[in-house]
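Reading through the structure tokens given below for one structure.
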Amino acid sequence: MSVVTKIGRHLRKYYVLHLMALPAVVAVLVFSYAPKYGAIVAFQDINFSKGFFGSPFIGFKNFEFLFKTTDAWIITRNTVLYNIVFILLNTSLAVLLAIILNEVRSKRLAKSLQTDYMMPHFLSITAVSMMVLAFLSTASGAVSQVWETIGRERRNWYTTRSVWPGTLIFVNSWKNVGYSSIIYLASIAGISQEYYEAAMIDGATRPQQAFYIT
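All residue numbers for the sequence shown refer to the working numbering, where the first residue is 37 and numbers rise by one.
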């Protein structure tokens, strides 16, 4: 039996599974492999009339132009600092939230909370941006209305630079902590109950069990 025949039989036998996997395969090709074209173009003096293979290779000259500007270093610094904060804060909050979820004894409540915490992760960044705009809008934003209610003059929060560091950190944590906490919760669920039972016999309190075992 030839290799082609074997592949054909396999595809016919498991065609439903292959159809189910197709969207994920397309997503990987589009979002993981297609952008690599841009990574190569960054090192070329691209000329679309000559095409991808006809454009000359210029090394790091495009990057030299970028990093000669002052904005490039500011952008790089902000990106690094934001990501450090995101990693430290989101990891800490996700672990804490996972421990709290693990202590919920009602299975129905625990599943409901897990679903609620997961939802922000699946919102597109466009939808999240529109939600932020709705909160910070000068004309009808919730923040402006509360600000006016307490006797303050309305401000254009959307263009206030000092507002954005905290807003970006909050939105990023709100969007990602819930999903990460479910992953940590799955790891915590794998811990044998014998450890907790032994700790209870030794007189360990719930916080001590969470800190030393979980």
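For each residue, glycine too, the CB sits at the ideal point set by N, CA and C.
Host alpha helix (DSSP H) of residue i (start-end)
{"i": "Pro71", "result": "No alpha helix (DSSP H) holds Pro71; DSSP gives it neither H nor E."}
{"i": "Leu159", "result": "Segment: none, Leu159 is in no alpha helix (DSSP H) and carries neither H nor E."}
{"i": "Asn208", "result": "200-225"}
{"i": "Lys97", "result": "97-103"}
{"i": "Ile136", "result": "106-138"}
{"i": "Gln28", "result": "Residue 28 cannot be examined here, being either before or after the span of the chain that is shown, 37 to 250."}
{"i": "Ala178", "result": "178-185"}
{"i": "Gln229", "result": "229-237"}
Euclidean distance between Cα positions of residue i and residue j
{"i": "Phe247", "j": "Met56", "result": "42 Å"}
{"i": "Val140", "j": "Ala146", "result": "6 Å"}
{"i": "Leu253", "j": "Phe93", "result": "In the structure as shown, the chain begins at 37 and stops at 250. Residue 253 is therefore absent and cannot be evaluated."}
{"i": "Ala222", "j": "Ser228", "result": "12 Å"}
{"i": "Asn212", "j": "Trp193", "result": "24 Å"}
{"i": "Ile120", "j": "Gly202", "result": "14 Å"}
{"i": "Ser176", "j": "Tyr153", "result": "27 Å"}
{"i": "Met155", "j": "Arg144", "result": "17 Å"}
{"i": "Val164", "j": "Gly214", "result": "15 Å"}
{"i": "Arg188", "j": "Met167", "result": "23 Å"}
{"i": "Pro243", "j": "Ile205", "result": "28 Å"}
{"i": "Thr106", "j": "Arg113", "result": "11 Å"}
{"i": "Ser142", "j": "Leu149", "result": "11 Å"}
{"i": "Tyr232", "j": "Thr127", "result": "24 Å"}
{"i": "Thr241", "j": "Ala235", "result": "8 Å"}
{"i": "Val64", "j": "Ser160", "result": "18 Å"}
Best match in the options for proximity to residue i [C-alpha to C-alpha]
{"i": "Asn98", "options": "Phe89, Ala108, Gly90", "result": "Ala108"}
{"i": "Asn208", "options": "Phe122, Gly87, Asn114, His46", "result": "Phe122"}
{"i": "Phe101", "options": "Phe79, Lys42, Pro156, Ser142", "result": "Phe79"}
{"i": "Leu125", "options": "Gly239, Gln244, Trp210", "result": "Trp210"}
{"i": "Glu230", "options": "Thr250, Val164, Arg144, Lys104", "result": "Thr250"}
{"i": "Ile224", "options": "Leu65, Asn114, Leu133", "result": "Leu133"}
{"i": "Ser217", "options": "Ile76, Tyr69, Val64, Val131", "result": "Val131"}
Paired residues, beta bridge with residue i - DSSP
{"i": "Gln80", "result": "Phe93"}
Q: Entirely within the stretch 44-68 and at least 4 residues each: give me those alpha helix (DSSP H) ranges in chain order.
A: 51-64
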